[in-house]
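K.L.:
Residue numbers (the numbering used here): 6 to 283. C-beta atoms are modelled at their ideal positions from N, C-alpha and C, and glycine is treated no differently. In this text, all values refer to a predicted model and were calculated from it rather than measured experimentally.
As structure tokens, then:
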């Protein structure tokens, strides 16, 4: 009887330890102003592709998931200040960011486009309807970029600051364009529809969502859709010393890609598959 009691106590201790492990909470920050990737719903609750995906990943990692909103311009400093454990905010992997934080395996590819007034001189820019990968089709893409640069000369283009959209503009449109940076895409979209900028450049899925709203009925996507190159891939941002958490995210993302979960969530929110290729 005494042996049985000892064994029973050991089993209870093991079960308790397992339950405690599952109680671990991971705090994830998202911008909350980048629909349909992440946004604040009518009741103030965060919603979107990355919110759904974060919940899936946390479930697979067997941890509790707390998702908080954080302004974009402070999102990396606050991660390194340990205000949360990870970032899921449509953040592209770039060399500059890799100097200060680590990234998980990618869970999405970035696709970007221009939006312009639908009744203006930029409504049908060269390459409209085309899609270019800057990794494999940069030479062809540059032909249309050069034509677009001529049309944008002397005009203003809005981008969200500290994003790959601003990097793209600085890389390919160095001269003659009045580049204006905004804290959010919502702000530059408002200036587009009010005539304060001539064009904006942002993630194509975000623009498509915004253009479906009545307040942006006078705008459209014009010119090619770009991917690869400076737009890179999108991944979870992590502190460099959180190697164990990175390994957990990597494994969970790999599984979610393999079984089609990420594709399913992508089709739900974007109506197009943004799963990373290769």
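Residues bridged to residue 43 by DSSP?
P.N.:
39
K.L.:
In the DSSP assignment, what residue or residues form a beta bridge with residue 97?
P.N.:
239
K.L.:
Work out the CA separation of residue 213 and residue 66 for me, nearest whole Å.
P.N.:
The alpha-carbon atoms of residue 66 and residue 213 are separated by roughly 32 Å.
K.L.:
Report, in whole angstroms, the separation of the C-beta atoms of residue 186 and residue 171, which I expect to be a contact under 8 Å.
P.N.:
6 Å
K.L.:
In whole angstroms, what is the alpha-carbon distance linking residue 195 and residue 30?
P.N.:
37 Å
K.L.:
On the three-pair Cβ rule with 8 Å, is the stretch 229-242 touching the stretch 91-103?
P.N.:
yes
K.L.:
Does DSSP classify residue 124 as helix, strand or coil?
P.N.:
Coil.
K.L.:
Which whole-angstrom value describes the C-beta separation of residue 54 and residue 271, a residue pair presumed to lie in contact below a C-beta threshold of 8 Å?
P.N.:
7 Å
K.L.:
DSSP puts residue 137 in a beta bridge; with which residues?
P.N.:
231
K.L.:
Roughly how many angstroms separate the alpha carbons of residue 232 and residue 69, rounded to a whole number?
P.N.:
34 Å
K.L.:
Tell me where the beta strand (DSSP E) around residue 205 begins and ends.
P.N.:
Secondary structure note for residue 205: its beta strand (DSSP E) is the uninterrupted segment 204-208.
K.L.:
Does the stretch 242-252 come into contact with the stretch 199-210, if we say contact requires no fewer than three beta-carbon pairs (one atom in each stretch) closer than 8 Å?
P.N.:
no
K.L.:
Whose C-alpha, out of 92, 62, 64, is nearest the C-alpha of residue 75?
P.N.:
92
K.L.:
Just curious, the beta strand (DSSP E) that residue 108 is in, first and last residue?
P.N.:
107-114
K.L.:
Have a look at 192, 252, 282, 161 and flag the residue whose alpha-carbon is nearest the alpha-carbon of residue 39.
P.N.:
Its Cα nearest to that of residue 39, the residue 192 stands out among 192, 252, 282, 161.
K.L.:
Using a Cβ cut-off of 8 Å (strictly closer), state whether residue 155 contacts chain B.
P.N.:
Checking the listed chains, one finds no chain B in this structure; it contains a single protein chain.
K.L.:
With respect to the beta strand (DSSP E) encompassing residue 187, which residues constitute its N-terminal and C-terminal limits?
P.N.:
Where residue 187 is concerned, the enclosing beta strand (DSSP E) stretches over 183-187.
K.L.:
Here's the rule I'm using: 16 or more other beta-carbon atoms within 10 Å means buried, otherwise exposed. How should residue 128 be labelled?
P.N.:
Classification of residue 128: exposed, given that the 10 Å Cβ count is below 16.
K.L.:
Report yes if the CB atom of residue 77 is closer than 8 Å to the CB atom of residue 189, and no otherwise.
P.N.:
Taking 8 Å as the Cβ cut-off, residue 77 and residue 189 qualify as a contacting pair.
K.L.:
Can residue 89 and residue 145 be called in contact, C-beta distance under 8 Å?
P.N.:
no
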